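J.: A single structure is presented below for examination.
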């Protein structure tokens, strides 16, 4: 009855028999059996107190176990996602005969009913749309589960915002935020009736993601620089850098020492020399320090020892690393520029400039 089943009393242990006492756990077994056999509204405080007094258990020590019984009854009532008026009356009666405080009971209600409401909210919002029918269903569920409107609103806002931010995280996996993705986020926020809020740091990150998207789509900035450029030449970015020239080097490798061989009188050890071999490798030579400019015609390095320019049309491509970029030329040696800064933005600028130079 009401989610409770009759259970057998615990048998006395050897020590209980020696001390002539009953197992104290049986106090709660008897209360459980009362709840399983007697209608809730017919139970009274005296019957509960008799069970506790019989086993010399104070009400204060029994409080947590009595609260557990209340929880069992509440869980049984919410199986159908509805606490009826009759069931609510039974819960209030049990609270009274157990002498439970409202604060304790409210905590149990939140722990049991709010996760149910939360699951329904998750199912509703995770398509990014809250229809009028779904909104009405959620409102009815809060009434049936007797969840305060303020608590229900808090749960809904938290789950809807969580879904909205999951969409945002997916959009930012490539570290860019397109106009279409931002429009979709605003549409979802409007549909779910939540506001997309960001910390100051997160807002700055979004600004950067929009900036990277603009670079990716060819919307390059026009940067004023203190160097001479052609009339139709524009600079889109620059950075302080060190210029290295890459060349092939060959390292001679030889070996001299003892080796063994079979001679006339068996195994012999002889000193000798293995012919010299060469191992090819790459070497970087620091050429200059200065500023590296990216324009729509060339990559220009303005250093203390002079100016070097690499026209985009003559480049095979470029590879970016954590500490700089490698320029690959059709003819001549490759060049490496070491720098720190916004590598990702410079990579997108260079890619766009190279693409435009081929049109």
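Residue numbers (the working numbering): 6 to 364. Heads up, the beta-carbon is just placed ideally off N, CA and C, and yes, glycines get one too. Predicted model, so just to flag it, every value in this text is computed and none were measured.
#1: Return the first residue and the last residue of the alpha helix (DSSP H) that residue 362 is part of.
#2: How about residue 341 and residue 331: are their beta carbons less than 8 Å apart?
#3: Between which two residues does the alpha helix (DSSP H) holding residue 313 run?
#4: Can you round the beta-carbon distance between residue 150 and residue 126 to whole angstroms, since I take them to be within the 8 Å contact cut?
#5: Check residue 9 in the structure and name its three-state DSSP category.
#6: What's the C-alpha gap between residue 207 and residue 215?
#7: Less than 6 Å between C-beta atoms, sequence neighbours within five positions excluded: which residues of the same chain meet that for residue 6?
#8: Tell me where the alpha helix (DSSP H) around residue 221 begins and ends.
#9: Answer with buried or exposed for residue 241, where buried requires no fewer than 16 other C-beta atoms within 10 angstroms of its C-beta.
#10: Please classify residue 131 as buried or exposed, where buried requires at least 16 neighbouring CB atoms within 10 angstroms.
#11: Within 10 angstroms of its Cβ, does residue 118 collect 16 or more other Cβ (buried), or is it exposed?
#12: What did DSSP end up calling residue 189 once you bin it into helix, strand or coil?
#13: Can you say whether residue 354 is buried or exposed, counting buried as having 16 or more other CB atoms within 10 angstroms of its CB?
#14: Going by DSSP in three states, residue 285 sits in which element: helix, strand or coil?
#15: Taking the Cβ atom as the reference point for each residue, do residue 238 and residue 307 lie within a distance shorter than 8 Å?
#16: Would you decide whether residue 145 is buried or exposed? Buried here means 16 or more other CB atoms lie within 10 Å of its CB.
T.: The answer reads as follows:
#1: 348 to 362
#2: yes
#3: Here residue 313 belongs to no alpha helix (DSSP H); instead the beta strand (DSSP E) covers 311 to 316.
#4: The Cβ separation is near 12 Å, so there is no contact.
#5: coil
#6: 12 Å
#7: 41
#8: 205 to 221
#9: buried
#10: exposed
#11: buried
#12: helix
#13: buried
#14: Bear in mind that a pLDDT of 48 at residue 285, under 50, signals an unreliable position, so the model cannot answer this.
#15: no
#16: exposed
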